[in-house]
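A.B. asks:
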Amino acid sequence: MDVFVARQPIFTKSQKLFAYELLFRDSYENTCTCTDGDQATSEVICNSFFAIGMDVLTGGKRAFVNFTENLIKKEIPLLLPKELVVIEILETVEPTAELIKACEKLKQAGYIVALDDFVFHPKFMPLLDIADIIKVDFLTTTGHDRKRIMSSVGERNIKFLAEKVESRADFEQAVKLGYSYFQGYFFSKPLVLRGKAAPSSKINQLRVLRVLQELDKENFNFNAIEKFIMYDLALSYQLLRFINSAAFCLTNEISSVKHALVLMGKNEIVKWVSLIVMRTVGDNKTDGILVTSLVRAKFSELLAERVGFKGRESELFMMGMFSLIDVFIGRPLKDIMAELPISEEIKGALLGEYNDLGKIYHLVLFYERAQWEAFMTCAASLGIGEEHIPNDYKKAVAWADEVCSL
Numbered sequence: 001m002d003v004f005v006a007r008q009p010i011f012t013k014s015q016k017l018f019a020y021e022l023l024f025r026d027s028y029e030n031t032c033t034c035t036d037g038d039q040a041t042s043e044v045i046c047n048s049f050f051a052i053g054m055d056v057l058t059g060g061k062r063a064f065v066n067f068t069e070n071l072i073k074k075e076i077p078l079l080l081p082k083e084l085v086v087i088e089i090l091e092t093v094e095p096t097a098e099l100i101k102a103c104e105k106l107k108q109a110g111y112i113v114a115l116d117d118f119v120f121h122p123k124f125m126p127l128l129d130i131a132d133i134i135k136v137d138f139l140t141t142t143g144h145d146r147k148r149i150m151s152s153v154g155e156r157n158i159k160f161l162a163e164k165v166e167s168r169a170d171f172e173q174a175v176k177l178g179y180s181y182f183q184g185y186f187f188s189k190p191l192v193l194r195g196k197a198a199p200s201s202k203i204n205q206l207r208v209l210r211v212l213q214e215l216d217k218e219n220f221n222f223n224a225i226e227k228f229i230m231y232d233l234a235l236s237y238q239l240l241r242f243i244n245s246a247a248f249c250l251t252n253e254i255s256s257v258k259h260a261l262v263l264m265g266k267n268e269i270v271k272w273v274s275l276i277v278m279r280t281v282g283d284n285k286t287d288g289i290l291v292t293s294l295v296r297a298k299f300s301e302l303l304a305e306r307v308g309f310k311g312r313e314s315e316l317f318m319m320g321m322f323s324l325i326d327v328f329i330g331r332p333l334k335d336i337m338a339e340l341p342i343s344e345e346i347k348g349a350l351l352g353e354y355n356d357l358g359k360i361y362h363l364v365l366f367y368e369r370a371q372w373e374a375f376m377t378c379a380a381s382l383g384i385g386e387e388h389i390p391n392d393y394k395k396a397v398a399w400a401d402e403v404c405s406l
């Protein structure tokens with residue numbers, strides 16, 4: 001399905017590009033129609049990191065991302081790579097002790113923190129001790145307001161960003177006042193970018209809730225969480241895209257869903273699942289693709305021992321599970337494979353290479369498509385007795401049907 005994110009550039013006083021602010025959009029219409037701040041931010045994060053890609057959106061520049069009070073308290077910002085984002089605290093937050101503590105944690109972790117649409121009030125003073133940047137709305141403030149805000153900062157090392165700069169006069173006044181960064185229609189309107197995302201379904205919702213239930217247990221089990229995620233193509237894809245982000249500095253290939261989960265740890269899994277929960281879900285048109293993917297995954301897994309691949313069941317399952325990801329998302333398979341931290345052998349097999357895994361993948365496809373002559377030739381080359389295959393396939397179909405009925 002199509003997803004959208006808008007970006008608006010932020011410049012230095014010499015009019016060099018400094019960063020982008022990422023904004024919620026649900027179409028090419030350059031307006032925000034969402035009234036739920038949690039949902040809007042969750043959509044922006046998921047669409048930016050899982051679908052479009054930060055390399056496309058920002059080209060290595062920092063991204064300002066708005067965060068509500070609720071998301072800050074849940075520590076969702078800590079999911080994002082500190083080298084790529086600026087945590088923008090919305091003006092609607094209440095600076096409670098809990099919020100201040102969460103913001104201090106962000107600061108200690110090395111994040112840049114910005115205060116959005118700042119208006120001076122004594123209750124916001126604790127946030128000034130945390131902030132690196134203060135954004136001031138030039139449409140709603142007067143010259144007197146802007147001077148008062150700057151004087152409230154005192155000796156703190158805080159930089160100012162003028163937003164909604166609509167004219168050269170606004171820009172020149174901001175420069176004269178000592179502002180460092182500038183954003184607004186005078187420079188550029190937000191540009192809407194489109195990407196392709198894995199469609200969500202009712203199966204996704206149920207599995208996400210079960211993951212949350214498992215995580216809530218005192219002695220949670222990675223194996224149980226793995227089963228809920230590995231049987232769902234959308235969740236598996238989003239998990240791998242997420243762990244492949246700069247936040248995890250991944251150096252090794254991922255061999256299974258459980259491998260990814262263990263690398264993340266419980267706290268990161270909870271935050272990732274929270275993001276998924278807050279997204280709008282509900283699209284059943286891809287159920288047939290999901291069932292076929294599950295059948296291929298289980299069938300490939302069952303063949304592991306028969307071809308002398310005992311111990312590589314997880315790789316074979318993952319290969320089958322991602323075999324239709326291009327149809328599921330609506331993007332070229334080669335592009336998707338480049339974004340996932342799975343083994344080169346799995347990628348090669350799915351892209352048509354006749355490597356060790358590719359031979360098994362071809363066997364699965366030949367059987368599924370009733371291409372019996374090609375199937376028998378492939379089975380013989382793998383040393384598999386044809387008599388076992390029908391039963392393995394029936395088991396895979398029954399298992400997939402059972403999973404989808406949960």
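In full-length UniProt numbering, the protein residues as written are 1 to 406.
Even glycine gets a Cβ: it sits at the ideal position worked out from N, Cα and C.
Computed from a prediction, not measured in an experiment: that's the story for all the values here.
#1: At a cut of 8 Å, does the region 380–393 reach the region 321–336 through at least three beta carbon pairs?
#2: Whole angstroms are fine: how far does the CA of Val295 sit from the CA of Trp399?
#3: Contact between the region 210–230 and the region 176–184 is defined here as three or more beta-carbon pairs at a separation below 8 Å; is this criterion met?
#4: So does the region 134–152 actually touch the region 104–112, counting three or more Cβ pairs closer than 8 Å?
#5: Tell me the rounded alpha-carbon separation between Phe64 and Val86.
#6: Helix, strand or coil for Leu17 per DSSP?
#7: May I have a chain-ordered list of the alpha helix (DSSP H) segments no shorter than 4 residues that lie completely inside the region 58–89?
#8: Assuming contact is defined by CB atoms lying nearer than 8 Å, are Lys73 and Ala102 in contact in what I supplied?
#9: For Ala396 and Asn66, I'd like the C-alpha separation in whole angstroms.
#10: Rounded to whole angstroms, what's the CA-CA distance from Gly53 to Ile360? Just pull it up for me.
#11: Residue range of the alpha helix (DSSP H) that Gln8 falls in?
#12: Is it the case that the Cβ atoms of Val136 and Lys13 are separated by a distance below 8 Å?
#13: Nearest to Glu45 by alpha carbon, out of Phe18, Arg7, Gln15 and Ile289?
#14: Name the two residues that bound the continuous beta strand (DSSP E) containing Glu163.
#15: Residue range of the beta strand (DSSP E) that Ala114 falls in?
#16: Along the chain, where does the alpha helix (DSSP H) containing Val327 start, and where does it finish?
#17: Just verifying my parser: in three-state terms, what is the DSSP assignment at Asp55?
#18: In angstroms, rounded to a whole number, what distance separates the CA positions of Glu373 and Ile329?
#19: Going by DSSP, what residue range makes up the beta strand (DSSP E) through Asp137?
#20: Using only CA atoms, which one of Val3, Met319 and Ile89 lies nearest to Leu106?
#21: Per DSSP, what kind of secondary structure is Gly265 in: helix, strand or coil?
#22: Whole angstroms is fine: what's the gap from Gly311's alpha carbon to Leu303's?
#23: Check for me: the alpha helix (DSSP H) holding Thr377 runs from which residue to which?
C.D. replies: On the basis of the data shown:
#1: Between the region 380–393 and the region 321–336 there are fewer than three C-beta pairs closer than 8 Å, too few to call the two in contact.
#2: So the two alpha carbons sit approximately 8 Å from each other.
#3: Contact fails: fewer than three Cβ-Cβ distances are below 8 Å.
#4: In short, these stretches do not touch, since the Cβ pair count stays below three.
#5: The alpha-carbon of Phe64 is positioned some 5 Å away from that of Val86.
#6: Assigned with DSSP and collapsed to three states, Leu17 falls in strand.
#7: Listed in chain order, the complete alpha helix (DSSP H) runs (minimum 4 residues) inside the region 58–89 are 69–73.
#8: It is a contact, given that the beta carbons lie within the stated cut-off.
#9: Cα atoms of Ala396 and Asn66: separation of roughly 45 Å, rounded to the nearest angstrom.
#10: Distance between the alpha carbons of Gly53 and Ile360 is about 32 Å.
#11: Residue range Asp2 to Thr12 is occupied by the beta strand (DSSP E) that includes Gln8, with no alpha helix (DSSP H) assigned at that position.
#12: No, these two residues do not count as a Cβ contact at 8 Å.
#13: Here residue 45 turns out to be Ile, not Glu, going by the sequence shown. Comparing Cα-Cα distances from Ile45 to each of Phe18, Arg7, Gln15 and Ile289, the minimum goes to Arg7.
#14: Residue range Lys159 to Glu163 is occupied by the beta strand (DSSP E) that includes Glu163.
#15: Ile112 to Leu115 is the span of the beta strand (DSSP E), which, as asked, contains Ala114.
#16: For Val327, the enclosing alpha helix (DSSP H) has its first and last residue at Ile325 to Ile329.
#17: In this structure, DSSP gives Asp55 a helical state, which the three-state scheme calls helix.
#18: Answer to the nearest angstrom: the Cα atoms are 32 Å apart.
#19: That run of the beta strand (DSSP E) goes Ile133 to Asp137.
#20: Measuring from the Cα of Leu106, the nearest candidate turns out to be Ile89.
#21: Of the three classes helix, strand and coil, the one that applies to Gly265 here is helix, per DSSP.
#22: Using only the alpha carbons, I get a separation of about 12 Å.
#23: Residues Trp372 to Leu382.
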